[in-house]
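J.: In my numbering, the protein residues as written are 100 to 780.
Cβ atoms here follow ideal geometry from the backbone N, Cα and C, with glycine treated the same way.
Just passing along the structure, written as C-alpha cells.
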Amino acid sequence: MMTRAEDLLSSVFGFSAFRPGQAEIVSAVAGGRNTLAIMPTGGGKSLCFQLPALLRDGVTVVISPLIALMRDQVRALREAGVEAGALTSGNTEEETEAVFSALEEGRLKLLYMAPERLASGGTLTLLRRIGTRLIAVDEAHCVSQWGHDFRPDYLRIGELRRALGVPLAAFTATADEETRSEIVTRLFDGAAPETFLRGFDRPNIHLAFEVKDQPRRQILAFAAARKGQSGIVYAGTRAKTETLAAALREAGHTACHYHAGMDPDDRREVETRFQREDGLIVTATVAFGMGIDKPDIRWVAHADLPKSIEAYYQEIGRAGRDGAPAETLTLYGPEDIRYRRSQIDEGLAPHDRKAADHARLNALLGLAEATACRRQRLLGYFGETADPCGNCDLCDSAPELFDGTEAVRKALSAILRTGESFGAGHLIDILTGSQTEKVRERGHDGLPTFGVGRDLPKAEWQAVFRQMMGHDLIRPDPERHGAFCMTEAARPILRGEAGITLRRDTIRKAVARPVVRTLVSDEDAPLLSALKAKRRALAEAARVPAYVIFPDRTLIEMAETRPGTLDAMARVSGVGAKKLESYGAAFLDVIAGAAEEMHPARRRLAGRPEGTVFDRLMQAQADLARGEDGTGKYLSCTHSTLRRLAETRPRSLDDLERITGMSEQKIDRFGAAFLEILAGG
Numbered sequence: 100m101m102t103r104a105e106d107l108l109s110s111v112f113g114f115s116a117f118r119p120g121q122a123e124i125v126s127a128v129a130g131g132r133n134t135l136a137i138m139p140t141g142g143g144k145s146l147c148f149q150l151p152a153l154l155r156d157g158v159t160v161v162i163s164p165l166i167a168l169m170r171d172q173v174r175a176l177r178e179a180g181v182e183a184g185a186l187t188s189g190n191t192e193e194e195t196e197a198v199f200s201a202l203e204e205g206r207l208k209l210l211y212m213a214p215e216r217l218a219s220g221g222t223l224t225l226l227r228r229i230g231t232r233l234i235a236v237d238e239a240h241c242v243s244q245w246g247h248d249f250r251p252d253y254l255r256i257g258e259l260r261r262a263l264g265v266p267l268a269a270f271t272a273t274a275d276e277e278t279r280s281e282i283v284t285r286l287f288d289g290a291a292p293e294t295f296l297r298g299f300d301r302p303n304i305h306l307a308f309e310v311k312d313q314p315r316r317q318i319l320a321f322a323a324a325r326k327g328q329s330g331i332v333y334a335g336t337r338a339k340t341e342t343l344a345a346a347l348r349e350a351g352h353t354a355c356h357y358h359a360g361m362d363p364d365d366r367r368e369v370e371t372r373f374q375r376e377d378g379l380i381v382t383a384t385v386a387f388g389m390g391i392d393k394p395d396i397r398w399v400a401h402a403d404l405p406k407s408i409e410a411y412y413q414e415i416g417r418a419g420r421d422g423a424p425a426e427t428l429t430l431y432g433p434e435d436i437r438y439r440r441s442q443i444d445e446g447l448a449p450h451d452r453k454a455a456d457h458a459r460l461n462a463l464l465g466l467a468e469a470t471a472c473r474r475q476r477l478l479g480y481f482g483e484t485a486d487p488c489g490n491c492d493l494c495d496s497a498p499e500l501f502d503g504t505e506a507v508r509k510a511l512s513a514i515l516r517t518g519e520s521f522g523a524g525h526l527i528d529i530l531t532g533s534q535t536e537k538v539r540e541r542g543h544d545g546l547p548t549f550g551v552g553r554d555l556p557k558a559e560w561q562a563v564f565r566q567m568m569g570h571d572l573i574r575p576d577p578e579r580h581g582a583f584c585m586t587e588a589a590r591p592i593l594r595g596e597a598g599i600t601l602r603r604d605t606i607r608k609a610v611a612r613p614v615v616r617t618l619v620s621d622e623d624a625p626l627l628s629a630l631k632a633k634r635r636a637l638a639e640a641a642r643v644p645a646y647v648i649f650p651d652r653t654l655i656e657m658a659e660t661r662p663g664t665l666d667a668m669a670r671v672s673g674v675g676a677k678k679l680e681s682y683g684a685a686f687l688d689v690i691a692g693a694a695e696e697m698h699p700a701r702r703r704l705a706g707r708p709e710g711t712v713f714d715r716l717m718q719a720q721a722d723l724a725r726g727e728d729g730t731g732k733y734l735s736c737t738h739s740t741l742r743r744l745a746e747t748r749p750r751s752l753d754d755l756e757r758i759t760g761m762s763e764q765k766i767d768r769f770g771a772a773f774l775e776i777l778a779g780g
C-alpha cells in the first residue's frame, strides 16, 4: 500500500517524499486504524487524511470547523484532480447540487462538512447511503472543553463514529495532556487510538516578546521593518483590529481588518484577498486563521497577549509554513493580564477548570518573562527538550537578570500573613507602606511586612508579581475572587531553602503610567467578574439578556460594598424586592459564600427598618415560647403574623388582636414584650 501511497504523493500532490512522521500516520489511517495525530501547525496534517482517502474505498467524511478552510482544501484538491466537495451553509444552491450529483454518481472521494451539520437528522442517513468508510476530524482539540476553541457540536462525532462503525482519524496541532485525554474520551470512547506525537519545533520561526510601551508605535515599527511582506496582527478586540488596520494603511501598508462581527461576505473577501495578494497585512481577532493555508506568511504580531500557550503556538504557527524564515512579536502588559484573568473568571466553567486556565495563563507569562531561550521554554511546555535555539530574542541578546529571592520572599510573606486572601493591589499597598483605608481597616499596617518593600515603586512590584506568576509561584484563586494563593513551588523560597532569578529589564520597563479608567479597582475586579459569570448563567437559564437580571452598575456596587446579608443586599441600588427574592441568595453565595436561609416573609422586609423589628420580635418569641419560666406549653406566631406586626406597629393589645387575629393565649404570652419592641421601633 505504501508504494501506491508514494506514487499518489508524487502524482497527485507533487511531493517527492513524505515529511518526517507523515508516512507512519498515512499508513495507520489508510489501514483503517483509529488514529490520533498531534502535529505542529504547518506540519502537513491535511495530507495525512487526504492521501488515505484516495487509498481507501468509499467516501471519507472530513469534519472541519471553518467554511474558509473547507473551501481552500476542496479547491486545492480539485486542482490536483481529486473529486472533493463541501456541504456548508456558505454554499450556493448550484454548489450543493453539484456535490449531491457527485455523491450519487460515486465520484466523490472526500466530503467536507461542519460539525453543526451533524445535528441534522438527515446527515446520518446521507452518510450511510453514500458509503462512508472513514471519518477524519480536523482541529480535533475543538472537542475539548479545556480548549479555547471548544465547539459543542464536536461532541456528536463520537456518536457518529459508533453509528457508522467506521475508523476515525483525529488531527490537531495543539493538545496538552488534558486536551489529549478528552479527545480520546469524546471521540474514541476512552479506547486509546494509535497516537502520533510529532515534534512541535518550528525552527524557522523567530520568537520575540516585548513589554508594552506605546504598543501601536511598536506594531507599526515591526511592520515597517517588513514592508511588502504578508503578515497577521492579532488584537484582543474587534475595535482594535479596525484602528490598527487604519494606522497601518496611514503608514503606507496594504492592510485590512477581520473579526466575527463583520458581514460574512466581507469576511470571505478578506480571506480571498489574503490568499491571493502578496504583502497584505490582516489585523484580526482569533476568528481569523484556524486552518489558513497560506504558506508565505512572513510574520505574525500579537498586539495583545494571547489566551494561552496553546493559542500562542497555533497563532504564530501560521507564519513560515513554507519553511523559510519567519518572525513573530508578542506585546504584553498589566492590562492584558487583567483582561485575560477576567475572561477566565467570567466564564461558566467549574472552579477546577478555571484554576487550570489560570495555571495555563501563568505558563504563558512564564514564556513572556523567560530568563533564557524562549524555544526551550515553549517546547518544554509540550513535553520536549531542546538546546538553546539561537533564533529568539533572548538568544540574540541575553536579558538582564538579578537575584530576586529577597523581593519574592517579601511578597510571599505578605501573602501568607494576610491569609492568602488578597490580590496584588492590596499586597503592594502593604509592601510599600501605603496607609489606605483598606489597609488600616484590616490592621495590616501592623504587619511585620508593612513597608518592607519601599525600595521598589508600585509599578515595579506589579512586574515582580507578574514574574512570580510566570514562575508559577502564585496563582489567583477563582473561588476567592482573584486572591493569590501560593503553590508548592513557592514554599522552599519562603523557607530560605531555594533562591530565584528574575529579569531586571522587564521590571525596569514597568514605569508608572496614567491609570486606565476601569469599572472597579484592581482589588474588586475578580469579584465583579465572578458576579458577571453568575449573572450570565442565570440569564442563559432564563433566556433573557444579562441586564434583565441586574445591570452592570448594580454588580459594580455589589463588588465594591460586598454585602454579607440579604438586608445589606437589599440596600444595593437596583435590587428590588422581587429581584432580591429571585436572585439575592445566589449573588450572596458568590460574594460571601453560602447565604443565610431567610423565610420569604422576612425576605420581603430585607433592607428596611421593619426587618430589624421582625428579628427582635422573633427573638422575643423564642425567649417566651415556653413562658417566662420555660415550663409552659410551646406557643409561636407565624412568620406572616410577625411581618404584619413589624409593618403595622400596633400600639395596644386591642390593636394587636384586631390586626393579627392572635389568640388570647398568645396575647397573654407575647403581647407585652411585642408592644415594648414595637414602641421602641
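#1: Given this structure, state the Cα-to-Cα distance separating Arg-565 from Leu-464, to the nearest angstrom.
#2: Taking the alpha-carbon of Ile-573 as reference, which of Glu-746, Asp-651 and Ala-462 has the nearest alpha-carbon?
#3: For Ser-163 and Leu-146, I'd like the C-alpha separation in whole angstroms.
#4: Rounding to the nearest angstrom, what Cα-Cα distance links Thr-517 and Arg-634 in this structure?
#5: Entirely within the region 241-296 and at least 4 residues each: give me those alpha helix (DSSP H) ranges in chain order.
#6: Out of Gly-143, Asp-502 and Asp-492, which one is the CA nearest neighbour of Gln-121?
#7: Taking its Cβ as the centre, do 16 or more other Cβ atoms sit within 10 Å of Ala-320, making it buried, or is it exposed?
#8: Give me the residue from Leu-217, Phe-148, Glu-622 and Arg-216 with the minimum Cα distance to Ala-183.
#9: Taking Cβ positions, are Asp-456 and Asp-435 nearer each other than 8 Å?
#10: Counting Cβ pairs closer than 8 Å, one from the region 484-504 and one from the region 591-608, do we hit at least three?
#11: Considering just the uninterrupted stretch of the alpha helix (DSSP H) at Arg-757, what are its terminal residues?
#12: Can you tell which of Arg-594, Tyr-357, Glu-426 and Ile-606 has the C-alpha that lies nearest to the C-alpha of Gln-561?
#13: Helix, strand or coil for Thr-429 per DSSP?
#14: Which first and last residues belong to the beta strand (DSSP E) in which Gly-330 is found?
#15: Identify every residue that forms a DSSP beta bridge with Phe-501.
#16: Count the other C-beta atoms from every protein chain shown that fall within 10 angstroms of the C-beta of Pro-662, then say buried if there are 16 or more, exposed otherwise.
#17: Spatial neighbours of Arg-439 within its chain, please: C-beta separation below 8 Å, excluding the five flanking residues on both sides.
#18: Output the distance between the C-alpha atoms of Leu-815 and Met-361, rounded to the nearest integer angstrom.
#19: At what residue ranges does the region 654-691 contain a whole run of the alpha helix (DSSP H), taking only runs of 4 or more?
#20: List the whole-angstrom C-beta distance separating Ile-758 from Arg-743, where the pair is believed to meet the contact cut-off of C-beta under 8 Å.
#21: Just to confirm before moving on: does the CB-CB distance between Ile-229 and Leu-202 stay below 8 Å?
#22: Let me check one thing: in DSSP terms, what residues is Val-181 bridge-paired to?
#23: In whole angstroms, what is the alpha-carbon distance linking Glu-639 and Asp-451?
#24: To the nearest angstrom, how far is it from the Cα of Val-242 to the Cα of Gln-413?
#25: Rounded to the nearest angstrom, what separates Thr-342 and Arg-325 at their Cα positions?
#26: Quick one: which unbroken beta strand (DSSP E) runs of 3-plus residues sit fully inside the region 330-383? Chain order, please.
#27: Mapping DSSP to helix, strand and coil, what is Leu-319?
#28: Closer than 8 Å is the cut-off here; do at least three beta carbon pairs connect the region 128-136 with the region 260-273?
#29: DSSP three-state call for Asp-106: helix, strand or coil?
#30: Within the chosen definition, does the region 358-375 reach the region 253-264 through at least 3 CB pairs nearer than 8 Å?
#31: State the Cα-Cα distance for the pair Leu-493 and Arg-476, rounded to the nearest angstrom.
#32: With DSSP as the reference, label Ile-229 as helix, strand or coil.
#33: When the Cα of Val-111 is compared with those of Glu-178, Thr-159, Gln-172 and Met-169, which residue comes out closest?
#34: With a CB to CB cut of under 7 Å and the five nearest residues on each side skipped, what residues in its chain are close to Arg-725?
#35: Between the C-alpha atoms of Glu-293 and Thr-284, what's the straight-line distance to the nearest angstrom?
#36: Please identify the residue among Leu-777, Tyr-333, Arg-642 and Val-385 whose C-alpha is closest to the C-alpha of Phe-713.
T.: Straight from the coordinates:
#1: Here residue 565 corresponds to residue number 466 of the sequence shown, with the count starting at 1. Here residue 464 corresponds to residue number 365 of the sequence shown, with the count starting at 1. In a straight line, the C-alpha of Arg-565 is about 7 Å away from that of Leu-464.
#2: One-based indexing of the sequence shown puts residue 573 at position 474. Closest by alpha carbon: Ala-462.
#3: Walking along the sequence shown from the start, residue 163 turns up at place 64. Walking along the sequence shown from the start, residue 146 turns up at place 47. Rounded to whole angstroms, Ser-163 to Leu-146 spans 14 Å at the Cα level.
#4: Taking the first residue of the sequence shown as 1, we reach residue 517 at position 418. Taking the first residue of the sequence shown as 1, we reach residue 634 at position 535. Rounded to the nearest angstrom, the two C-alpha atoms are 30 Å apart.
#5: 256-263 and 276-287
#6: Start at 1 with the first residue of the sequence shown, and residue 121 comes out as number 22. Of the residues Gly-143, Asp-502 and Asp-492, the one whose Cα lies closest to the Cα of Gln-121 is Gly-143.
#7: On the sequence shown, residue 320 is found 221 positions in, with the first residue counted as 1. Exposed, because fewer than 16 other Cβ atoms sit within 10 Å of the Cβ of Ala-320.
#8: Within the sequence shown, residue 183 is the residue found at index 84, counting from 1. Ranking Leu-217, Phe-148, Glu-622 and Arg-216 by Cα distance to Ala-183 puts Phe-148 first.
#9: Within the sequence shown, numbered from 1, the residue matching residue 456 stands at position 357. Within the sequence shown, numbered from 1, the residue matching residue 435 stands at position 336. No, the Cβ-Cβ distance between Asp-456 and Asp-435 is not below 8 Å.
#10: yes
#11: Along the sequence shown, read from residue 1 onward, the residue named residue 757 stands at position 658. Segment 752-759, the alpha helix (DSSP H) holding Arg-757.
#12: Translated into the one-based positions of the sequence shown, residue 561 becomes position 462. Ranking Arg-594, Tyr-357, Glu-426 and Ile-606 by Cα distance to Gln-561 puts Ile-606 first.
#13: Numbered from 1 along the sequence shown, position 330 holds the residue referred to as residue 429. In this structure, Thr-429 counts as strand in the three-state DSSP scheme.
#14: Here the question's residue 330 lines up with position 231 in the sequence shown. From DSSP, the beta strand (DSSP E) with Gly-330 extends over 330-333.
#15: Taking the first residue of the sequence shown as position 1, residue 501 is located at position 402. Beta-bridge pairing links Phe-501 to Leu-601.
#16: To locate residue 662, count along the sequence shown from 1; it is residue 563. By the neighbour-count rule (16 or more Cβ atoms within 10 Å), Pro-662 is buried.
#17: Sequence index remark: in the sequence shown, residue 439 carries index 340 (1-based). Only Leu-404, Lys-406 and Leu-460 meet the Cβ criterion.
#18: This structure does not reach residue 815, given that the chain is present from 100 up to 780, and the question cannot be answered.
#19: 665-669 and 684-691
#20: Within the sequence shown, the letter at position 659 stands for residue 758. Within the sequence shown, the letter at position 644 stands for residue 743. Their Cβ separation, rounded to whole angstroms, is 6 Å, which keeps Ile-758 and Arg-743 in contact under 8 Å.
#21: One-based indexing of the sequence shown puts residue 229 at position 130. One-based indexing of the sequence shown puts residue 202 at position 103. The answer is yes: Cβ separation under 8 Å.
#22: Position 82 of the sequence shown, counting from 1, holds the residue named residue 181. In DSSP, Val-181 forms no bridge with anything.
#23: Taking the first residue of the sequence shown as position 1, residue 639 is located at position 540. Taking the first residue of the sequence shown as position 1, residue 451 is located at position 352. About 22 Å.
#24: If you number the sequence shown from 1, residue 242 lands on position 143. If you number the sequence shown from 1, residue 413 lands on position 314. When rounded, the distance between both Cα atoms is 16 Å.
#25: Locating residue 342 in the sequence shown gives position 243, where the first residue counts as 1. Locating residue 325 in the sequence shown gives position 226, where the first residue counts as 1. If you take the alpha carbons of Thr-342 and Arg-325, they lie about 20 Å apart.
#26: 330-333, 354-357 and 380-383
#27: The residue given as residue 319 occupies position 220 in the sequence shown. Helix at Leu-319.
#28: yes
#29: Along the sequence shown, read from residue 1 onward, the residue named residue 106 stands at position 7. Note: Asp-106 maps to helix in three-state DSSP.
#30: no
#31: By one-based count along the sequence shown, residue 493 stands at place 394. By one-based count along the sequence shown, residue 476 stands at place 377. Their backbone Cα atoms lie some 11 Å apart in a straight line.
#32: The sequence position of residue 229 within the sequence shown is 130, counting from 1. Coil at Ile-229, not helix or strand.
#33: For the purposes of this step, residue 111 is identified with residue 12 of the sequence shown, where counting begins at 1. That would be Glu-178, whose Cα lies nearest to the Cα of Val-111.
#34: Working through the sequence shown from its first residue, we reach residue 725 at position 626. Contacts found: Gly-731 and Tyr-733.
#35: Here residue 293 is taken as the residue at index 194 of the sequence shown, counted from 1. Here residue 284 is taken as the residue at index 185 of the sequence shown, counted from 1. Roughly 14 Å between the two C-alpha positions.
#36: On the sequence shown, residue 713 is found 614 positions in, with the first residue counted as 1. That would be Leu-777, whose Cα lies nearest to the Cα of Phe-713.
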